[in-house]
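Chains as they are written, first to last, in the numbering used here: chain A, 27 to 218; chain B, 27 to 218.
By construction, the Cβ of each residue, glycine as well, lies at the ideal position given by its N, Cα and C atoms.
Given the structure is predicted, the values throughout are model-derived calculations rather than measurements.
Protein chains: 2
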Amino acid sequence: MEVTLSRKEQIEKTATALFRKRGFSATSMRDLANELGIEAASIYSHIRSKEEILQRVCFRMANEFFEAIDKVDDPEATASARLQAAITAHVQVLTKNTEASAVFLYEWRHLSEPYHAEFLTLRDRYEKHFREIIKAGISIGEFKVPDEKFAVLTILSGLNWIHTWYKPDGKMNAEEIAANLATMLLNGLKQT
Amino acid sequence: MEVTLSRKEQIEKTATALFRKRGFSATSMRDLANELGIEAASIYSHIRSKEEILQRVCFRMANEFFEAIDKVDDPEATASARLQAAITAHVQVLTKNTEASAVFLYEWRHLSEPYHAEFLTLRDRYEKHFREIIKAGISIGEFKVPDEKFAVLTILSGLNWIHTWYKPDGKMNAEEIAANLATMLLNGLKQT
DNA sequence: TAAACAACCTAACGTTCGTTAGCAAATTTT
DNA sequence: AAAATTTGCTAACGAACGTTAGGTTGTTTA
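Structure below.
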């Protein structure tokens with residue numbers, strides 16, 4: 027399945043790798059151009075600004091995460107099953123796009139307004155999905171945690187470290203990682 | 027307990043806040059000077075370079091984390107007790123220095139060599155402490171996890187998110203946070 | 001009281017930055 | 001074959017960057 031990327035997509039992909047490795051601010055347009063084998067000014071035939079690249083990566087990934095958890099959610103299922111599904115979906119997006127995920131997770135603060143504010147709104151809505159599952163689990167006694175906000179942040183941060191070490195050819199594949207993490211984090215919610 | 031900071035310490039503290047908020051690369055010496063109410067050039071009466079500030083913060087925090095877990099470790103205790111103690115110590119350092127912790131966790135990649143390499147060595151040695159506790163717990167059947175490296179990274183990343191939301195006057199104090207996190211993460215290791 | 005030091009200043013250095021203007025060649029579309 | 005689009009170039013802009021040189025002032029030490 028060879029996919030031919032448009033020049034704009036190539037730029038975005040190369041930029042993503044650099045933003046991840048050195049950070050948005052420490053990556054210059056000349057660095058990016060050098061990596062692409064062209065001049066810095068040439069990039070502006072395809073994009074409007076350096077920040078536009080960051081915007082596209084951040085909001086594309088936000089979309090991916092939303093679509094993934096929406097697709098697998100079944101409001102009729104138990105809280106455990108719903109949370110397990112959401113965790114698995116989240117891990118799948120993370121492992122399928124490690125570089126873009128890293129940018130999504132750590133470089134969004136370099137977005138200017140109104141994108142910065144919009145991003146934070148989206149992120150909170152995403153976390154809300156997890157909060158509501160956990161709240162439902164608490165109310166019927168399935169989970170025992172002092173605070174659902176606290177639990178969600180711990181779970182998500184436990185997941186969001188994956189991009190730093192995940193390698194597609196490592197000893198665990200994405201499904202195994204997702205399963206192990208889900209078991210481990212779900213068990214943590216069922217305190218005795 | 028009023029503590030008078032030397033000018034150098036004031037610079038370091040102010041820089042830490044800026045590095046945390048905007049990142050190391052996006053913080054200029056003129057920003058820092060402006061925050062201090064002086065000219066950028068004046069800062070160089072007290073420090074050698076911008077990176078020196080980052081180095082001091084990163085390695086000071088590395089020391090704090092090491093001292094904290096060394097002080098509470100009892101190799102004779104059970105793996106659960108040891109891990110609980112380490113988690114509590116780690117959380118205490120994090121909550122007592124949220125800004126410096128954020129810099130320590132996310133800005134170290136802007137260190138130049140040989141500091142960059144030295145930092146990674148220290149970090150790995152720190153994680154090794156946790157790995158060994160968990161390995162001990164696995165070998166006597168106290169913990170059931172597929173991979174201790176995996177478990178350590180999940181635990182530490184679950185803890186290292188604290189700095190983003192912890193407020194000293196929030197509804198949970200540092201001890202409660204540490205206790206809740208320890209319970210939640212320890213339970214996750216004792217899979218049935 | 002003289003010497004040493006701490007703290008800050010103005011001015012400027014050489015470099016790098018994101019970006020624009022204007023143009024040329026190749027490719028695709030009509 | 002003409003027109004439009006894509007992709008790239010050189011040259012340069014104004015601004016911002018980390019840092020140095022050299023000097024001034026006030027405070028502390030000998």
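Checklist entry - Helix or strand or just coil, what does DSSP make of K197 of chain B? => result coil
Checklist entry - Taking contact to mean at least 3 C-beta pairs separated by less than 8 Å, is the region 65-78 of chain A in contact with the region 31-51 of chain A? => result yes
Next on the checklist: Just checking: is the beta-carbon of M55 of chain A within a distance shorter than 8 Å of some beta-carbon in chain B?
Outcome noted: Not flagged as an interface residue toward chain B: M55 of chain A, since no C-beta distance is shorter than 8 Å.
Item to check | Nearest residue (CA-CA) to I79 of chain A, options A:H116, A:T104 and A:G49 | outcome: A:G49
Checklist entry - Which bits of chain A does W191 of chain B rub up against, with CB to CB less than 9 Å? => result Going along chain A in sequence order, the residues near W191 of chain B (Cβ under 9 Å) are K175, F176 and L179.
Item to check | DSSP bridge partner residues for K216 of chain B (one or two, in chain order) | outcome: According to DSSP, which records beta bridges pairwise, K216 of chain B is partnered with B:K170.
Checklist entry - When the Cα atoms are used, what is the spatial distance from M27 of chain A to A200 of chain A? => result Here the model assigns M27 of chain A a pLDDT of 46, short of 50, so the residue's position is not dependable, and the following value carries that caveat. Between M27 of chain A and A200 of chain A, the C-alpha separation is close to 20 Å.
Checklist entry - At what residues does the alpha helix (DSSP H) containing N186 of chain B begin and finish? => result It is not in any alpha helix (DSSP H) - N186 of chain B carries neither H nor E in the DSSP assignment.
Item to check | For E9 of chain A, the nearest candidate out of A:Y141, A:T53, A:L185 and A:I166 (CA to CA) | outcome: Absent from the model: residue 9 of chain A. The displayed extent of chain A is 27 to 218, so no value can be given.
Checklist entry - Using a beta-carbon distance below 8 Å, is G184 of chain B in contact with chain A? => result yes
Item to check | Below-8 Å beta-carbon distance, A52 of chain A vs any chain B residue | outcome: yes
Next on the checklist: Which residue marks the beginning of the alpha helix (DSSP H) containing N60 of chain B, and which one marks its end?
Outcome noted: Where N60 of chain B is concerned, the enclosing alpha helix (DSSP H) stretches over M55 to L62.
Checklist entry - So the alpha helix (DSSP H) Y141 of chain B belongs to, where does it begin and stop? => result Start and end: Y141 to S165.
Next on the checklist: Just to confirm before moving on: does the CB-CB distance between A111 of chain A and D99 of chain A stay below 8 Å?
Outcome noted: Yes.
Next on the checklist: To be precise: take each residue of the region 156-172 of chain A, compare its Cβ to all Cβ atoms of chain B, and keep it if any distance is under 9 Å. Which residues remain?
Outcome noted: V171 and P172
Item to check | Test: L207 of chain A CB closer than 8 Å to a CB of chain B | outcome: yes
Item to check | Top-ranked residue by Cα proximity to S32 of chain A, from A:I73, A:Y192 and A:I166 | outcome: A:I73
Item to check | Sequence ranges, beta strand (DSSP E) only - wholly within the region 50-117 of chain A, length at least 3 | outcome: none
Checklist entry - Under 8 Å Cβ-Cβ, which residues of chain B neighbour M210 of chain A? => result V171, A177, T180, G214, L215 and Q217
Item to check | Contact belief for I181 of chain B with F156 of chain B at Cβ below 8 Å, rounded distance in angstroms | outcome: 7 Å
Item to check | Straight-line Cα distance separating H116 of chain A from Q81 of chain B | outcome: 35 Å
Checklist entry - Near K161 of chain B, what residues of its chain come up, given a Cβ to Cβ distance below 7 Å and the 5 sequence neighbours on each side ignored? => result E174
Item to check | Of the listed residues A:H142, A:E168, A:W191 and A:E133, nearest to A41 of chain A (C-alpha basis) | outcome: Between A41 of chain A and the set A:H142, A:E168, A:W191 and A:E133, the nearest pair of CA atoms involves A:E133.
Item to check | Secondary structure of T30 of chain A, DSSP reduced to three states | outcome: coil
Item to check | Spatially closest choice to F176 of chain B from A:W191, A:F169, A:V171 and A:G163, by CA coordinates | outcome: A:W191
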